[in-house]
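Q: Quick one: the structure is below, questions incoming.
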Amino acid sequence: MRVEVVIGDWDHHCCGDVVRRGDRVDWTCYSEAADGTLHETHHDLDGFPVTQVRGTIVHLLARETGQLTRIDRVPSGRALCGFDPDDDGTVFGLESGAELEGSSLDFVVVVEHSH
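Going by this note's numbering, the first residue of the sequence shown is number 1, and it counts up by one from there.
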C-alpha cells in the first residue's frame, strides 16, 4: 500500500534529514487535517494520535505555489536553511532540471508502506 506523507515547514527545517528516492524510512506521523493528510514529525506529540509509516520512498514531489514537481531528493532542513557547508539545499525538478525555491517548499513523499 502506498501512503503520502508531507514533510517540510518548521519541523523539517528544524530537524529533518536528507530524503532520497529508494530510502527506507520509519517515521512518526500525525494528521491535523480533516482530509487525513499525514505529516512527518520529529517532536513529542503527547495527546495527539500518531501513525508509524515504515517502508521505501518511491516518489518525491515538491509543492510550490500549489503545483507538484517530481524531484530526486529533499535536502536536510539544515541545508534548506543554508547551514550545511556540504549541501547548498538546492532542489531541482526531476524532468526539467530547473531549480526550485527550496526554502518555500513543502514536500510530498510517497512511501510503499510495509507493515
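Ideal placement from N, C-alpha and C gives every residue a C-beta, glycine not left out.
Just tell me which of Thr69, Ala34, Arg73 and His113 has its CA closest to the CA of glycine 16.
A: Against the sequence shown, residue 16 aligns to sequence position 16. Out of Thr69, Ala34, Arg73 and His113, the CA that lies nearest to the CA of glycine 16 is found in Arg73.
Q: What's the call for glycine 55, buried or exposed, on a 16-neighbour Cβ count within 10 Å?
A: Translated into the one-based positions of the sequence shown, residue 55 becomes position 55. Result: buried.
Q: May I have the straight-line CA-CA distance separating valine 19 from valine 109, to the nearest angstrom?
A: In the sequence shown, residue 19 corresponds to position 19, counting from 1. In the sequence shown, residue 109 corresponds to position 109, counting from 1. When rounded, the distance between both Cα atoms is 9 Å.
Q: To which residues does DSSP link glutamate 40 through a beta bridge?
A: Within the sequence shown, numbered from 1, the residue matching residue 40 stands at position 40. According to DSSP, glutamate 40 bridges with Cys29.
Q: Classify glutamate 40 as buried or exposed, calling it buried when 16 or more other Cβ atoms lie within 10 Å of its own Cβ.
A: Taking the sequence shown and counting its residues from 1, the one referred to as residue 40 is at position 40. That one is buried.
Q: Are isoleucine 71 and leucine 94 closer than 7 Å when you measure CB to CB?
A: By one-based count along the sequence shown, residue 71 stands at place 71. By one-based count along the sequence shown, residue 94 stands at place 94. Yes, the Cβ-Cβ distance between isoleucine 71 and leucine 94 is below 7 Å.
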